[in-house]
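J.: If you read the sequence shown in this note's numbering, its first letter stands for residue 2, the second for the next number, and so on. For glycine and all other residues, C-beta sits at the position ideal for the given N, C-alpha and C. It should be emphasised that the depicted structure is a prediction, and the values quoted were computed from it without experimental measurement. A single structure is presented below for examination.
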Amino acid sequence: SRQWLDEHNLERIPLYCVDKYGREMFKQDYTYNMTLEQLYSMTFDFAVEDSPAAFEHVMHFDKCKVAVFDRPWNRQAELPDDRFVRCSGWQEIDRLLEEVQS
2 SRQWLDEHNL
12 ERIPLYCVDK
22 YGREMFKQDY
32 TYNMTLEQLY
42 SMTFDFAVED
52 SPAAFEHVMH
62 FDKCKVAVFD
72 RPWNRQAELP
82 DDRFVRCSGW
92 QEIDRLLEEV
102 QS
């Protein structure tokens, strides 16, 4: 994820990691770690997610388009609504992001 952002001249974009499950091991010293409460206080236009369990958290953002990174563990998951778009790789995610930006 970080590598893709950097390769697309998006070095300035932070990569947020959200503690969706209350894991003690998550409390590392990383600037962009955040709790769900912190996440909900922000706004987003675009997100990339691969965990069906996290869809409910991303649905909090009414105008956020969500690229669902296709993975074996999420292929059977139903997408919540039309804001969620299944993408097979970073090229598809890139195209979806371009659509959102236009």
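#1: Rounded to the nearest angstrom, how far is the Cβ of residue 41 from that of residue 61, given a contact under 8 Å?
#2: Does the stretch 47-65 come close enough to the stretch 8-15 that 3 or more CB-CB pairs lie under 8 Å?
#3: Inspect the beta-carbon positions of residue 71 and residue 89 and report whether they are closer than 8 Å.
#4: CB-CB under 7 Å to residue 98, same chain, minus the five flanking residues each way: which ones, in chain order?
#5: Output yes or no for whether 8 Å exceeds the beta carbon distance between residue 75 and residue 67.
T.: According to the structure data:
#1: Taking the sequence shown and counting its residues from 1, the one referred to as residue 41 is at position 40. Taking the sequence shown and counting its residues from 1, the one referred to as residue 61 is at position 60. Residue 41 to residue 61, Cβ: 6 Å. Contact.
#2: Segments in contact, no.
#3: Counting from one through the sequence shown, the residue named residue 71 turns up at place 70. Counting from one through the sequence shown, the residue named residue 89 turns up at place 88. Yes. Within cutoff.
#4: For the purposes of this step, residue 98 is identified with residue 97 of the sequence shown, where counting begins at 1. Closer than 7 Å at the Cβ level, and outside the excluded window around residue 98, lie 47.
#5: As a working note, residue 75 is residue 74 in the sequence shown. As a working note, residue 67 is residue 66 in the sequence shown. The answer is no: Cβ separation not under 8 Å.
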